[in-house]
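The letter at position 36 of the sequence shown is residue 826 when you use my numbering, and the numbering goes up by one with no holes.
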Amino acid sequence: EPQIAHRDYSITDYGGKGDAKTDCKPAFDKAISACSDAGGGRVVVSAGDWLVRGPIHLKSGVNLHLQKGATVQFGTTPADYLPVVLTRFESNEVMNYSPLIYAYEQDNIAITGSGTFDGQAGKQAWWDWKALGREDSEALRRMGEAGVAASDRRFGAGHRLRPNFVQPYRCRNVLIEGVTFSNSPMWILNPVLCENVIIRGVTVSSHGPNNDGCDPDSCRDVLIEKCTFDTGDDCIAIKSGRDADGRRIGVPSENIIIRGCQMKDGHGGVVLGSEMSGGVRNVFVEDCEMGSPNLVRAVRLKSNSSRGGFLENLFVRNLRVGQVKEAVVRINLQYDKDRGTHFPTVRNIRLQNITSKKSKRPFYLVGLPESRITGVLVENCTFENASQPSVFEYTDDVRLQNFRLLPRGGLDDD
């Protein structure tokens, strides 16, 4: 865990008022600077509704701590999130609006407590930029393909690329623990190019467009445990840069443990991709529960021939799936409409002790003629009430050991 001094700095001592009316951004800025300058400690936010018109930027040695009953409500005026900072939008580097909580090249930082961060996004604030920002997102991708320097990819004012909620960027020793996040403009927890990240006991409840719960992006040594995700997109999605931008930076996401989590609504429970051009490897998932009428898939790997990169060494065990709309395990290398000549590789997948009560299919595994899915072992798994058969295309070396498929009515059909 981050090494943080045992000193407290109360937000009220710097002019903050938890009355839902006073702009507390100056108080947060002053408290965080004073805390970091003194060698670090906790910036304590007591019970109340704390309005912050603009981003909170964390500094080394600071633990932003929300006590029980504390809610930090972020303003929704885009201009308040300027000047632009170096960030990633859908895994492409860009100079854009600041994430709501941001840290750049800081060490030993934390967000802890039992309070709530409310981004206050909705249909009239940020979420409508999903459609309005399509031209901007396409322009950003073209810049990535053309090799335009990130410092020259300037968006922000006059553009509509939504900021992510929490983004430590090139940070070391990061802890996010106990707090709740809701109503995010975009991805919620998005560490980028970070090392040694712990996300523990966090609740994410946010159902807007592209509201992924937790997206480690080109990160190394990550632990995600005892969290609850109820999201409008993937619950956990592991990234590593998109297309040419991801290949240029070339930093994989690796050594990631996900354990003891609960996934409710979402497009996927644990997902690798699709922005994974730098590669993803060494991912361990265990002792998780997934399922709801609105969870589409449990385990999902998605890529295409525009991405390149690799997805390898995924180990899943002791997974309990109640209900998913589609396949329990979906690996699709023909995801989305993008196509190119950078063929991704998927290899060495082990799935053990998975049970599913209801799904459309047990498996949907579709590779590419140029890049077949290889090395998938399914062991000691039971799938009940699958309404349609599995799909296997362009796959090699898929092995089922002690696999049971129980039809409607519960009869055991080995």
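Glycine residues also receive a C-beta, built at the ideal position from the N, C-alpha and C atoms.
Computed from a predicted structure; not experimentally measured.
(request) Starting from residue 1137, follow the beta strand (DSSP E) in both directions and report where the run begins and ends. (result) Under the DSSP assignment, residue 1137 falls in the beta strand (DSSP E) whose first and last residues are 1135–1146.
(message) Check whether the region 924–942 and the region 961–976 touch, using three or more Cβ-Cβ pairs below 8 Å as the test.
(response) Taking 8 Å as the limit for Cβ pairs, the verdict is that the region 961–976 does not touch the region 924–942.
(message) For a test of the three-state rule: what should DSSP assign to residue 795, helix, strand or coil?
(response) In this structure, residue 795 counts as coil in the three-state DSSP scheme.
(request) Rank 890, 936, 922, 1088 by C-alpha distance to the C-alpha of residue 978 and give the top, closest one. (result) The shortest C-alpha separation from residue 978 is found at 890.
(message) Given this structure, state the Cα-to-Cα distance separating residue 1116 from residue 809, to the nearest angstrom.
(response) Between residue 1116 and residue 809, the C-alpha separation is close to 45 Å.
(message) For the pair the region 898–908 and the region 848–858, tell me if three or more CB-CB distances fall below 8 Å.
(response) In this structure the region 898–908 lies against the region 848–858, because at least three pairs of beta carbons, one per stretch, are closer than 8 Å.
(request) Given a cut-off of 9 Å, decide if residue 1026 and residue 1004 are closer than it, judged by their beta-carbon atoms. (result) It is a contact, given that the beta carbons lie within the stated cut-off.
(message) What I want to know is whether the C-beta of residue 1187 ends up closer than 8 Å to one or more non-hydrogen atoms of the ligand GDP.
(response) Absence of the ligand GDP from the depicted structure is noted, as is the absence of any ligand whatsoever, leaving it without description.
(message) Taking its Cβ as the centre, do 16 or more other Cβ atoms sit within 10 Å of residue 811, making it buried, or is it exposed?
(response) Residue 811 comes out exposed.
(request) Give the DSSP-derived three-state secondary structure of residue 1194 in the structure shown. (result) Of the three classes helix, strand and coil, the one that applies to residue 1194 here is strand, per DSSP.
(message) Rounded to whole angstroms, what is the Cα-Cα separation between residue 1056 and residue 838?
(response) Taking the straight line from one Cα to the other gives about 30 Å.
(request) Go through its chain and collect everything with a Cβ distance to residue 1144's Cβ below 6 Å, but skip five positions before and after it. (result) 1109, 1171.
(request) Using the Cα positions of residue 823 and residue 849, report the straight-line distance between them to the nearest angstrom. (result) Looking at the two C-alpha atoms, the distance is approximately 7 Å.
(request) Say whether chain C places a C-beta atom closer than 9 Å to the C-beta of residue 1011. (result) Going by chain labels, chain C is absent from the structure shown, which holds only one protein chain.
(request) Write down every uninterrupted run of the alpha helix (DSSP H) in the region 903–967 whose length is 4 residues or greater and which is fully enclosed by it, in chain order. (result) As far as the region 903–967 is concerned, its whole alpha helix (DSSP H) runs of at least 4 residues are 919–922, 924–936.
(message) Quick check on residue 1202: does DSSP put it in helix, strand or coil?
(response) Residue placement at residue 1202 is poorly supported in this model, since its pLDDT is 45, which falls under 50; the coordinates still yield a value, given next. It is coil, neither helix nor strand.
(request) Express the C-alpha separation of residue 1068 and residue 896 in angstroms, rounding to a whole number. (result) Taking the straight line joining both Cα atoms gives about 23 Å.
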